[in-house]
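Q: Before we start, here is the structure in question, set down as structure tokens.
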Amino acid sequence: MSEPFALLLTLLVLLTAGWIVTVRERRAAVFGFIAYGLLLALVWIRLAAVDVALTEAAIGGGATGVLLLRVSARLGSIRGMSAPPGLATRWIAGVLCAGVSLALMALVLALPDPAPSLAAAAMEPIGRTGLGNPVTAVLLAYRALDTFLEIIVLLLALIGVWSLGADRFWGGEPAAWRTGPPSPALVFLARVLPPFGIVIAGYLFWIGADEPGGKFQASTILAAMWLLAMMAGLAPPPRTGARGLRAALVAGPLVFLAIGFAGLWWADGFLAYPDAFAKPLIILIEAALAVSIVAALALMVAGPAERLPRR
Amino acid sequence: MMPVPVNDAASLLLVLAVLLPILGLCAMLGLRGLHPERVARVAVPLGVALAVAVLVEVWTGGQALHYTLGDWEPPLGLRLRADGLSAVMLVLSAVIILAAALFSQRQFRTPEGIAGDTRAPFTFWSMLMAMWSALNLVFLGEDLFNFFVALELLTFSAVTLVCLDGRTATLHAALRYLLFALLGSVLYLLGVALIYGRYGVLDIGLLHELVQADPVTLAAVAMMTVGLMAKASLFPLHLWLPPAHAGAPPAASAVLSALVVKAPFFLILRLWFDLLPPLPSPLAGQLLAALGAGAILLCSLVALRQARLKLLIAYSTVAQIGYLFLMFPLAAGPLAFWETIGWTGGVLQLVSHAFAKAAMFLAAGLIAETLGHDRIGEFAGLARRLPVAVAAFALAGLSLMGLPPSGGFNAKLLLLSAAAASGQWWIAAVILAGGMLAAGYVFRVLGAAMADGPAGEAGGPPSPLARQLVVLALALVAVALGFVPLQPFALLGIGREVLP
Amino acid sequence: MSGSLNLAGLLLAAAPGLPLALLASALWRGPRARLMRLLPFAPLPALLAALLAPGGALVLAPDPLRLTLALDLPGAMLLGGAALLWSLAGLYAASYMARDARRTGFAAWWLATMAGSLALFLVADLASFYLAFSLASLAAYGLVAHERTPAAGRAATLYMVLALLGEAFLLLAFVMLATGEAAGNPMIAEAVARLPTSPWRGAILTLLILGFALKMGLVPLHVWMPLAHPVAPMPASAALSGIIVKAGVIGLIRFLPFEAGLETAGTVLVALGLFTAFYAVAVGVTQHHPKVVLAYSTVSQMGVIAAVLGAGLALGDTRTGTLAAYYALHHLLVKGALFLGVGVAAGRALPWQRAIMALLALSLAGLPFTSGMLAKYAVKDLFGDGFALLLVTLSATGSTLLMLHFLRRLARAPDAKPAGTALLAPWLAVAASSLVALWVLFPVASGAGYGALIAPSALWKAAWPMLLGAALYLPLRRLGGRLPRIPEGDAVVLGEALVPLARQASAGAERLDELIRRWPVAGALLVLVILLLGAALQLSAGIGPLRAG
Amino acid sequence: MTPLVSAATLFGLCASGMVGIGLYGLIVLPDALRKLLAFNILGSGVFILFGVIGRRGAAAGLDGDPVPQAIVITGIVVAFSATALAATLLLKISDAENEPEDGGKDEP
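Chains as they are written, first to last, in our numbering: chain A, 1 to 311; chain B, 1001 to 1500; chain C, 2001 to 2549; chain D, 3001 to 3108.
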């Protein structure tokens, strides 16, 4: 890939972003956004960040896209958050935002060269983790607390989504799609895709330790397969109060914490791994986290409970 | 050179302080049969004990506690750190959350005879836990990106609590809060990106050794500060705060005003006093102070005109946050001794406002529960009906007005002294004028409540005395802070070698 | 100063301590029911302290708080007078308000105000002074607002606004006084000793005089007094007009640097005081309600005291504090007795009651052999022989005029309820004590002997201004109803004309806030603040326009 | 031949542009869903900036600094959570406003 490609990509990204912000139709903007997510994945590949590219494609483009499509399909007309701004406001806002953009560009050009980097620092002790992929090492060893809290953020957002349901439906099933019976095409897709999805997800998960890939990307694909099955009516959505579901949600954080605290005994402190078992422990944590992430992602897209809980 | 931190048993307390509420959250989520309020009954006292233990440890040890997570040293790894200020903030949030939990035990109790959990109690208690964990992380963290995650946890839990009652108006308020807070987060993250691009380090302690006053650093600090200002609802970025308070449950309002808006402010403090290199000119600090002055004057005036008690208190919060931003030019002056005066005054304002405002919102909650509304115009007779709540409101008001003896008075005295010593008279004038305006809105409420009228009879059953006493206790703490000696606290200075 | 416990020190601590303890006891049901009947006993430790403990001192809290009590001569005189009036007015109140539905609340405010006002006369450090001043000044709000009529509401609001304004002035002055002191909380005397060399001397003096003048009611800061004093229940009016205004007097006594002497500030204070003395008479004679006339008389008398303090400051005379306190003691007791008397001797009262009221009233003008003459005699020295002395002498003429007007309005007022011993006895006791106390203290305060007082020249000096006043009163009486009616609180009307303006300002603030809280506006402001703060930081760091590097 | 601007720098400029566009949309668009899209554009601008910084920090045999990449992965998940929460709020408001008979309240 060459510089003209980067230039083209830059122009495309900016044009799409501009289009999303300026186009009249809400739905058109949502479609624009999905395309924008795919363009971004290309940018990430061009930036040699394949892990991020996969995440962006899976979550930024995929999950967000499905979510936004579902929402825009159901969204009625709602009171705007402000009156449509006049020309003067638009101009003022435009000038100010252009100012920020220009300042930021100047700052980007003013970044030091050679750039400071933790790449060497990250590679040096990577042997102690037994991992080959430095991004995974950062996520699950060096900055493991961030990753742990990220799962808590997911759970919190899920509780937030659930709390928006009605009191009487609490613990019941979400109604991911209300409108009519699923189309035959959707049912067909839902029958054909999941086996492939599961295989791809398993592969991504497995190589994540050493190559680009990992739990988030894998989990997102699994969550998407599950959602597809729910949408097509092939798998019933789980009750949000179901014991198994709740257990799946907390499995990741609890395993993470348990291994973290065990580090006090078998290693040098909380969240430390003994060198000999580091890789298996990390994979165990990733597996537990993946369970929680699949459940959280899928249910977050499915929305709050809207049917009575089955007793 | 920084001392080499050791992970000892005492510093493990920091990890526990962050993780204990999350464990509570997991227990609530994982085991429906436990009933969230019962989990809270275990987790909250434990958390308070942890916070107090950290404070005692820092106080007796006379130095900051460190914990390096997973033994991965920064810049690669993460570290938790508690100095005197963090320890005080930790105890502050523990006490306020304890009060909120005691106050809400009845309001958010799972109904009898239900095996699992129910919506409002589950949401309230789990979000309270998450919020607590996030607050502790903000006070103990050292890593700029770690703060971002903590801030997001804080935002999500606060937004969910705000719209707990599910009415359309509160949903709109929550959406507005969420979007504006997200805007703030992204701006903060933008600053973090620039800092990383410039130094390749995110640990504040390490950055302090590296930073230079170059354009990239300063621009990053500006972006982070403004992003945090949006979350702290500093004037003129306070659009979300009044509506968010209008429909929130009283305990949620209390923690929102007392703690949630203070967390981003705490981070601004850390950026400006621990990260930013000393600048030759106070211009930027004065800009912050000017916004603070705008908040004090404008929002106090607006508070005077509110018809609903909760909105009045909410505007008072915006005004009182303004005081916090007055400390920047005062604490950055050239006079070494008075630097600590201004700094201590700002921190004391933060603490005493937290207690006073929590007391006020809880008192407002009791009033609204008893009367069925919170329209100040119909308060006549209230003092007879709810004497303890009105007394708590009055005591908290004392602190807001800055009358002695109260924490608010001491805080304003210190800020005033710093303003006088550095010759920044306009700040002194704003502090005094703000006190007068606060007296105006506090007396408006008290005057209405003391009048003879029908509110003494109407409405539901009186609130149980225990809840009223919780509110009174908070207000008394705000007043008791006035008996702390006016000397700069030695405690707040522990572990802050950055400061003189 | 010794920190050890001693009897004198304990008495000092008990002076504000007992009222506060009684106040705290109101938390329990039993004492609460008896609170009203305990009022007369609350100030007794203070009275004992004033009699037994002048010169005593007690350090309540050591460094760094340095809360310290100390009783000097001016403090002891005012403390004794105040304690006596609090006690007797409390006795009066116990009977006068026995059937008042809100008497318990009244008693609570009463005790809080009492504690603050008594503490004020015996605290020696800056922080305690501010604390006592705030307590006295803010708790008195409860006394003003007690009746809950619209008039009381208006008066109480105005009182509160101005009291808080005064607090703000004083707070800033104190902060400036304490800045540069090694101790966080300096002794008042130490801080005042350094005042003349402070770089902010002018500002501090201005703020101090503004703050205390508000409490004393010097024109034009007197506007709250004619509104607030009359609306309170009778015993509370006595306490407000007798004692609370002395908070300003003790403040000036404590905080003006008499030792160093400041000519300009002194002269300004004399001018302010004398103008107040005559202005209040001029407005007072147009008033109809006897309590309002008395309130104007208080304003006028406080003007005289301010002039005394100003003259002493200009001269650098260290006796000034004692002399001013002596004069203030006279006013404290006489004005207290007059207000209590309005409750028993209004309308068609018994002749002996009228006679006593007349004696008390004219005592304010300096009637020979009354406390007024003694007080005026004692302070004359400070004024030298010039124009100021003439004006001070003529202020007695004004007082005569005003008091004759008061006696006439008192006789025309609606009849007082028939008073029993419970009301008459405290009234008479205060009246008598004014005579006794001033005569006893005369040699101590003035340094002169009694002989000087009965010299014919002294008597004539006291009498001629009064005769002039009496002569002037006749045409005034003729004019009677044709005098313009000046509203109570005179200039307050001008001030209240600003209220709609303030309303507009706050309405404007609300509109501005609404605008700012619109999403696009807030968003644009956010971006603007980023750019401004970024630029400000670059400028603060000495970096010009943004450059790479 | 070295190009005038490297790809990383080009994407850095692109990220700056995205931030500006996202900010603009967030400020002026009245519709909440559109605001949410604008927020995501703004966020992705910041993420790309992190990516650029990571790419510039290529060293030790890696194509980029792994720390910013990990940060972005966490950031993307957080942004998704925020989007999901906001979108659900939006749906709930829409449901409440389009069912006027119960006055916007869930429970009768």
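Don't be surprised by glycine CBs; every beta carbon is placed ideally from N, CA and C. As the structure is a computational prediction, the values presented were derived from the model and not from experiment.
Give the straight-line distance between the Cα atoms of C:HIS2229 and C:GLY2266, rounded to the nearest whole angstrom.
A: If I take the Cα positions, the gap works out to 29 Å.
Q: If you draw a straight line from the alpha carbon of C:GLY2055 to that of C:ALA2076, how long is it in whole angstroms?
A: In a straight line, the C-alpha of C:GLY2055 is about 9 Å away from that of C:ALA2076.
Q: The stretch 2505-2535 of chain C: which residues have C-beta closer than 7 Å to a C-beta of chain D, in chain order?
A: Within the stretch 2505-2535 of chain C, the qualifying residues are PRO2520, GLY2523, ALA2524 and VAL2527.
Q: Going along the chain, which residues of its own chain have a beta-carbon closer than 6 Å to the beta-carbon of B:LEU1304, five neighbours each way excluded?
A: Contacts found: GLY1440 and TYR1441.
Q: Check the Cβ-Cβ distances between A:PHE314 and every residue of chain B, and say whether any is below 9 Å.
A: This structure does not reach residue 314 of chain A, given that chain A is present from 1 up to 311, and the question cannot be answered.
Q: Helix, strand or coil: how does DSSP classify B:LEU1335 here?
A: Confidence is the limiting factor: at B:LEU1335 the pLDDT is only 47, short of 50, which leaves the residue's position unreliable and the question unanswerable from this model.
Q: If you drop the 5 nearest sequence neighbours on each side, which residues of the same chain put their C-beta closer than 8 Å to that of C:LEU2135?
A: Excluding positions up to five away in sequence, the list reads ALA2112, THR2113, ALA2115, GLY2116 and ALA2119.
Q: Hey, how far is the Cα of A:ALA106 from the Cα of B:GLU1057?
A: So the alpha carbons of these two residues sit roughly 47 Å apart.
Q: From the DSSP secondary-structure annotation, give me the bridge partner or partners of B:HIS1066.
A: DSSP output for B:HIS1066 lists B:ARG1081 as bridge partner(s).
Q: In the DSSP assignment, find the unbroken alpha helix (DSSP H) run with B:ALA1181 in it and report its ends.
A: Note, B:ALA1181: alpha helix (DSSP H), 1168-1199.
Q: Using C-beta distances below 8 Å, list every residue in its chain close to A:VAL187, excluding the 5 sequence neighbours before and after it, in chain order.
A: For A:VAL187, where only same-chain residues beyond five positions count, the Cβ hits under 8 Å are ALA232, GLY233 and LEU234.
Q: Identify which residue in C:PRO2500, C:TYR2326, C:LEU2362 and C:ARG2348 has its Cα closest to the Cα of C:SER2446.
A: For the residues C:PRO2500, C:TYR2326, C:LEU2362 and C:ARG2348, the minimum Cα distance to C:SER2446 belongs to C:TYR2326.
Q: Could you tell me whether the stretch 2040-2057 of chain C touches the stretch 2095-2106 of chain C, where touching means 3 or more Cβ pairs closer than 8 Å?
A: With the cut-off at 8 Å, the stretch 2040-2057 of chain C and the stretch 2095-2106 of chain C do not touch.
Q: What span of residues does the alpha helix (DSSP H) with A:THR22 cover, start to end?
A: Residues 3-22.
Q: At a CB distance below 7 Å, what residues from the stretch 1366-1383 of chain B approach chain C? Give them in sequence order.
A: Flagged: no residues at all.
Q: Within its chain, find whatever has a CB closer than 6 Å to the CB of B:PRO1334; leave out the 5 residues flanking it on each side and keep chain order.
A: Note that B:PRO1334 scores a pLDDT of 48, beneath 50, so its modelled location is shaky and nothing firm can be said.
Q: In terms of alpha-carbon separation, which member of A:LEU14, A:GLY61, A:ASP113 and A:PRO194 lies closest to A:SER101?
A: Out of A:LEU14, A:GLY61, A:ASP113 and A:PRO194, A:LEU14 has the C-alpha closest to the C-alpha of A:SER101.
Q: Can you name, in chain order, every residue of its own chain whose Cβ lies under 8 Å from the Cβ of D:GLY3104, other than the five neighbours on each side?
A: Low confidence applies here, because D:GLY3104 scores a pLDDT of 42, under 50, leaving its location unreliable and the question unanswered by this model.
Q: Which class does C:GLY2542 belong to by DSSP, given the choice of helix, strand or coil?
A: Note: C:GLY2542 maps to coil in three-state DSSP.
Q: Do you know whose CA, among C:LEU2177, C:SER2371, C:THR2157 and C:GLN2504, lies nearest C:VAL2223's CA?
A: Cα-wise, what sits closest to C:VAL2223 is C:THR2157.
Q: In whole angstroms, what separates the C-alpha of C:LEU2562 from that of C:LEU2472?
A: A question about residue 2562 of chain C goes unanswered here, because the residues of chain C that appear run from 2001 up to 2549.
Q: Could you spell out where the beta strand (DSSP E) holding C:LEU2060 opens and where it closes?
A: Its beta strand (DSSP E) spans residues 2057-2061.
Q: Which residue marks the beginning of the alpha helix (DSSP H) containing B:THR1118, and which one marks its end?
A: Unbroken run through B:THR1118: none, as it is neither H nor E.
Q: Quick check on the DSSP output: what are the complete alpha helix (DSSP H) runs of length 4 or more inside the stretch 1005-1045 of chain B, in order along the chain?
A: Entirely contained in the stretch 1005-1045 of chain B, the alpha helix (DSSP H) runs reaching 4 residues are, in chain order, 1009-1030.
Q: Could you work out which residues of chain A lie near B:GLY1285, taking near to mean beta carbons separated by less than 8 Å?
A: Under the 8 Å cutoff, chain A gives no residues; its nearest Cβ is about 21 Å from B:GLY1285.
Q: Are the CB atoms of C:PHE2106 and C:GLY2242 within a distance shorter than 9 Å?
A: Not closer than 9 Å, so no.
Q: To the nearest angstrom, report how far apart C:ALA2013 and C:TYR2377 are at their CA atoms.
A: Approximately 34 Å, taken between the alpha carbons.
Q: Check each residue of the stretch 223-239 of chain A: if its Cβ is closer than 9 Å to any Cβ of chain C, include it; give the result in chain order.
A: Flagged: no residues at all.
Q: Give me the DSSP bridge partner(s) of B:GLY1141.
A: Beta-bridge pairing links B:GLY1141 to B:LEU1080.
Q: Using only CA atoms, which one of B:GLN1107, B:SER1399 and B:LEU1298 lies nearest to B:VAL1479?
A: Comparing Cα positions, the closest option is B:SER1399.
Q: Please confirm whether D:ALA3079 and A:LEU104 have their CB atoms less than 9 Å apart.
A: Result no, Cβ atoms of D:ALA3079 and A:LEU104 do not sit closer than 9 Å.
Q: Between A:ALA218, A:VAL192 and A:ALA35, which has its C-alpha nearest A:LEU204's C-alpha?
A: With distances taken between Cα atoms, A:LEU204 lies closest to A:ALA218.
Q: Between the stretch 3083-3090 of chain D and the stretch 1226-1243 of chain B, do at least 3 Cβ pairs fall closer than 8 Å?
A: Because the criterion of three Cβ pairs below 8 Å is not met, the stretch 3083-3090 of chain D and the stretch 1226-1243 of chain B do not touch.
Q: Taking 9 Å as the CB-CB cut-off, is B:CYS1026 touching chain F?
A: The chain inventory of the structure shown lacks chain F, comprising the protein chains A, B, C and D.
Q: Cutting at 8 Å between CB atoms, please list the residues of its own chain near B:ILE1204, excluding the five before and the five after it.
A: The answer, listed in chain order, is GLU1142, ASP1143, LEU1144, ARG1270, ASP1274 and LEU1275.
Q: Below 8 Å on the Cβ atoms is my contact criterion, and I expect C:LEU1966 with C:LYS2246 to pass it. Report the Cβ-Cβ distance as a whole number of Å.
A: Because chain C here runs from 2001 to 2549, residue 1966 of chain C falls outside it and cannot be looked at.
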